[in-house]
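Q: Quick one: this structure, given as structure tokens, is what I'll be asking you about.
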Amino acid sequence: MEQINKGKEMDFDAVVIGAGFGGLYSVHKLRNELGLSVQAYDKGSDVGGTWYWNRYPGAMSDTESYLYRFSFDKELLKEWSWKESYLMQPEILEYFNHVADRYDLRRSYQFDTKITATRFDEGTNLWHVTTDKGETVTARYLITGLGLLSATNVPNFKGRDTFKGEQYHTAAWPKEGIDLKGKRVGVIGTGSTGVQVIIHTAPEVEHLTVFQRTAQYSVPAGKRPQSEEELNEIKANFGAIWEQAKNSAVAYGIEESTRPLASASKEEQERIFEEAWNKGNGFRFMFETFGDITTDYEANEAAANFIRNKIKSIVKDPETARKLCPTGLYAKRPLCDIGYYETFNRDNVSLVDVKANPIVEITPKGIRTTDGEYELDVIIYATGFDAVDGNYTKIDMRGRGGVRMREKWADGPTGYLGMTNTDFPNLFMILGPNGPFTNLPPSIETQVEWIADTIKHLVDNNLTTIEPTIEAEEEWVETCRNIANQTLFAKEDSWIFGANIPGKKQSVMFYMGGLGNYRKILKEIGYSNFIFDRELANVE
Ligand SMILES: Cc1cc2nc3c(=O)[nH]c(=O)nc-3n(C[C@H](O)[C@H](O)[C@H](O)COP(=O)(O)OP(=O)(O)OC[C@H]3O[C@@H](n4cnc5c(N)ncnc54)[C@H](O)[C@@H]3O)c2cc1C
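Right, here's the structure in full:
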């Protein structure tokens, strides 16, 4: 396809923001395959996205290695191997470096550059994209791969700046690492990241104090070395493996069970849970055992109770075990670990329940809760992210008529198919609001491929802009809400609904109908719910 910015009407055909899975694949598709001129940006100094920022000890993907990668290039799949059944951060970053080299992606990037504003100009139908360096460039298409777990959340504790020791958010971990040996360390937060960082720092530090607001259900990951034989078998079957994953619900390489818990005897239930516990992986435990754990209270309680019993059998101190046992539903993104509960049997680890005794302030010496002061040398904030729209609302994004994304999303972020938005023509979001809730690389690939096909459709048909109809967007948001409300996820406070951010309005931010169904919908609707060249259409 011919480069379309020839007449210098604009600086670039496309601007891409982000250098994670989404941004990198977009640059490859648009520049290397479609031949468009592309300028890409990331505020980080290099490629990797999530894995560039999250360098904390123990940072690991909880998708098994063979599915946490790109699938678009069979040669890439064959040539790149992995050491264990799960990937640690350094290995993922190595993969991204390889991908960037292989497709020569870095030359399209300007790193260390934050996008601060994007404005759609209705006169020219171009996006104006402004950086923190004060530059503005124009482009026909704007592709945002800003990440859904990327905007860090640091709770605004009183006295945070008075702390005399060191403090770090896990997603802003220094490249050179931190020497925690012999230090008194406090970790705030016990979500997916907290669990990983707690396991990995405990053996190194003098004392680790864990500040837990919500106890978590976590199952073993089942991490093990990947044998050469297994690796070869996976590589020989990649075609079928990806086909299955992309047409399944959560794309974790599992056959989601459709069997209701009640159809099994108590002994059988126990056996199935025990097998899943021994095999490992949170998504497997939640979705491969029984088909109604996320929709039926009784089935959910059976799974939850099984995990609680495991916690009680692993953790030696009954009071610590009691605090670690969750009381709510098993209905958050399922966690898995490599020895979380066991870590609390160590003499140098203690647990503080900050739901019972909330954090009052950070002091020069440490953390004060309502039951006393904990003296620390280092505070680690494993407090997660302002998920999905967190990075969008940081940018001053304006669409038609100056409509501000921030205001449009005041009651919760919305998007049609998780990729497009009314009033924002030619804006293509990767993992935007109301997109699939899955293992993410296959969803990202699905979206980037749809975006590239759509841009090709525009160019081939001499069309300038595309945006969804209001009706289609409203209907999609309603569909996402209805599906989420049929699940128990909607009954639990979690980042999936924005509940972890004080003041954020809780809303349905994902399409929980599964990747297979999502892909079917994309095929079926074609462009029937979109308006092309809206201004021209109005004139006619
Ligand atoms: C610790 C951790 C473990 C995870 N494990 C898994 C897992 O096992 N399986 C899974 O499916 N998902 C996992 N995730 C989610 C993970 O984020 C996605 O799998 C995937 O990496 C997202 O890729 P992305 O390209 O969409 O976004 P990201 O990788 O988040 O990249 C977004 C990029 O955009 C850049 N950016 C944002 N705003 C701006 C701006 N204004 N200007 C310039 N640059 C900007 C950021 O610097 C960042 O580099 C994990 C997340 C974390 C934090």
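The sequence shown begins at 14 in my numbering and counts up by one. Yeah, the Cβ is synthetic: ideal placement off N, Cα and C, and Gly gets one too.
How far does the alpha helix (DSSP H) with S39 in it reach, from first residue to last?
A: F34 to V40
Q: Using 8 Å as the threshold, is the stretch 271-291 in touch with the stretch 111-124, meaning 3 or more CB pairs across them?
A: no
Q: When the Cα atoms are used, what is the spatial distance from G511 to L47?
A: 37 Å
Q: Indicate, with yes or no, if ligand 1 has a heavy atom lying under 7 Å from the CB of K56.
A: Because some heavy atom of ligand 1 lies under 7 Å away, the Cβ of K56 counts as near it: yes.
Q: Taking its Cβ as the centre, do 16 or more other Cβ atoms sit within 10 Å of A215, making it buried, or is it exposed?
A: buried
Q: Taking all protein chains shown into account, decide if N166 is buried (16 or more other Cβ within 10 angstroms of its Cβ) or exposed.
A: N166 is buried by the Cβ-count criterion.
Q: For R237, count neighbouring C-beta atoms within 10 Å of its own C-beta (all shown protein chains included) and say buried if the count is 16 or more, exposed if not.
A: With fewer than 16 other Cβ atoms within 10 Å, it is exposed.
Q: Check L364 in the structure and name its three-state DSSP category.
A: Reduced to three states, the DSSP call for L364 is strand.
Q: Any idea if T111 is buried or exposed, counting beta-carbon neighbours within 10 angstroms, 16 or more meaning buried?
A: The sequence shown places His at residue 111, rather than the Thr named in the question. Counting Cβ neighbours within 10 Å, H111 comes out exposed, since fewer than 16 surround it.
Q: Would you give the residue range spanned by the beta strand (DSSP E) that Q52 belongs to?
A: That run of the beta strand (DSSP E) goes V51 to Y54.
Q: So within the stretch 163-224, which uninterrupted alpha helix (DSSP H) runs reach at least 4 residues, ignoring any that extend past its ends?
A: Counting whole runs of 4 or more residues, the stretch 163-224 contains the alpha helix (DSSP H) stretches 205-214.
Q: Going by the DSSP bridge assignment, what does Y524 pair with across the sheet?
A: P449
Q: What is the DSSP secondary structure of F286, counted as helix, strand or coil?
A: helix
Q: Closer than 6 Å by C-beta to L161: which residues in its own chain qualify, once you throw out the five before and the five after it? Chain order, please.
A: A400, V401 and L444
Q: When burial is assigned at 16 or more other CB atoms within 10 Å of the CB, is E148 buried or exposed?
A: exposed
Q: Give the secondary structure of W140 by DSSP, where H, G and I count as helix, E and B as strand, and everything else as coil.
A: strand
Q: Mind listing, in chain order, the continuous alpha helix (DSSP H) runs of no fewer than 4 residues lying wholly within the stretch 464-512?
A: 483-498
Q: Could you compute how far the alpha carbon of D24 sits from the alpha carbon of V232?
A: 50 Å
Q: Going by DSSP in three states, Y154 sits in which element: helix, strand or coil?
A: strand
Q: Alpha carbon to alpha carbon, how far is M101 from G71? Give it in angstroms, no decimals.
A: 7 Å
Q: Could you tell me if T333 is buried or exposed, where buried requires 16 or more neighbouring beta carbons within 10 angstroms of its beta carbon?
A: buried
Q: Taking the alpha carbon of Y81 as the point to measure from, which residue in P455, E480, N495 and D546 has its own alpha carbon closest?
A: P455
Q: Which residues in the same chain have their Cβ closer than 8 Å to the Cβ of T482, if we skip the five residues on either side of it in sequence?
A: T435, N542, F543 and I544
Q: Does ligand 1 have even one heavy atom less than 7 Å from the beta-carbon of T406?
A: no
Q: Three or more C-beta pairs under 8 Å: does that hold for the stretch 404-421 against the stretch 516-523?
A: no
Q: So which of Y108, E22, L49 and Q229 has the shortest CA-CA distance to G62?
A: Y108
Q: Thinking C-beta only, is Y99 closer than 8 Å to S78?
A: yes
Q: For the beta strand (DSSP E) holding G252, just list the boundary residues, first then last.
A: No beta strand (DSSP E) contains G252, which is instead part of the alpha helix (DSSP H) from F251 to K259.
Q: So what does G379 bridge to, in DSSP terms?
A: Bridge partners of G379: E388.
Q: Going by the DSSP bridge assignment, what does S121 pair with across the sheet?
A: Note: S121 sits in no beta bridge, so no partner.
Q: Report the three-state DSSP secondary structure of P233 (helix, strand or coil).
A: strand
Q: Just to confirm, is the Cβ distance from F357 to N447 under 8 Å?
A: no
Q: Put M299 into one of helix, strand or coil per three-state DSSP.
A: helix
Q: Tell me whether the stretch 448-468 and the stretch 33-45 touch, counting them as touching only if at least three CB pairs, one residue from each stretch, are closer than 8 Å.
A: Between the stretch 448-468 and the stretch 33-45 there are three or more C-beta pairs closer than 8 Å, enough to call the two in contact.
Q: In angstroms with no decimal places, state the Cα-to-Cα distance between G428 and W95.
A: Rounded to whole angstroms, the gap between the alpha carbons of G428 and W95 is 36 Å.
Q: Checking the sheet assignment: what are the DSSP bridge partners for L43?
A: DSSP lists no partner for L43.
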